[in-house]
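In my numbering, the protein residues as written are 2 to 136.
To start, the structure under review is shown below, and the notes come after it.
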Amino acid sequence: MSDTREGAVRHITCDRVTKPLPIYSHATVHNGIVYVSGLQGFIPGTFDFPSPAPADQARQALANLKVILEQAGSSLSHVLKITIFMIDMRDFPKINEVVNEVFPELPPARSSIAVAEIPREAKVAIEAIAALRNV
Numbered sequence: 002m003s004d005t006r007e008g009a010v011r012h013i014t015c016d017r018v019t020k021p022l023p024i025y026s027h028a029t030v031h032n033g034i035v036y037v038s039g040l041q042g043f044i045p046g047t048f049d050f051p052s053p054a055p056a057d058q059a060r061q062a063l064a065n066l067k068v069i070l071e072q073a074g075s076s077l078s079h080v081l082k083i084t085i086f087m088i089d090m091r092d093f094p095k096i097n098e099v100v101n102e103v104f105p106e107l108p109p110a111r112s113s114i115a116v117a118e119i120p121r122e123a124k125v126a127i128e129a130i131a132a133l134r135n136v
């Protein structure tokens, strides 16, 4: 349920994507801002990736992001910032192409960071901060 008190935190767990571990929520909402946890490109309801290709995993992670944002009361057009974690910076150009498909105009602020490892042997994880619609 949504708590609309100013300063209240709403926790979002979406049943249309792979369920997170019990130690975190897919997203939290506070004072009109949605904070989305790092998302891997799991096919909804599984811990499987569409393919081992980082671009395919990024595409699925962004599709999962869209679903979570919609449940939270936001959308991809309200994304303020994304952070992309990848295990190999050489994958940046192909991941960048996917991100540009999703955000073709007025892209959000973005950071892209190479990391040593991502859980479940993912090649990419994406987290986001977005504004709520109609706030």
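C-beta: ideal position from N, C-alpha, C; glycine also.
The structure presented is a predicted model; accordingly, all values stated were derived computationally and were not measured.
Whose C-beta lies closer than 6 Å to the C-beta of residue i among residues of the same chain, with five residues either side of it excluded?
i      : result
Ala126 : Gly39, Gln41, Phe86 and Ile119
Val80  : Pro109, Ala129 and Ala131
Leu77  : Lys67
Asp1   : One cannot answer for residue 1 here, as it falls past the ends of the chain, which runs 2 to 136.
Lys95  : Ala56
Classify residue i: buried if its beta carbon has 16 or more other beta carbons within 10 angstroms, exposed otherwise.
i      : result
Lys124 : buried
Leu22  : exposed
With distances taken from CA atoms, which of the options is nearest residue i?
i      : options                        : result
Asn32  : Ala73, Arg111 and Leu66        : Ala73
Ala117 : Ile88, Gln58, Phe104 and Gly46 : Ile88
In chain order, what residues of the same chain have a beta carbon less than 7 Å from the beta carbon of residue i, not counting five sequence neighbours either side?
i     : result
Met2  : With a pLDDT of 37 at Met2, under the threshold of 50, the modelled position of this residue cannot be trusted; read the value that follows with caution. For Met2, where only same-chain residues beyond five positions count, there are no Cβ hits under 7 Å.
Tyr36 : Ala28, Thr29 and Ile130
Per DSSP, which one or two residues make a beta bridge with residue i?
i      : result
Val10  : His31
Glu128 : Thr84
Near residue i, what residues of its chain come up, given a Cβ to Cβ distance below 8 Å and the 5 sequence neighbours on each side ignored?
i      : result
Arg111 : Lys82, Ile83, Thr84, Ile85 and Val100
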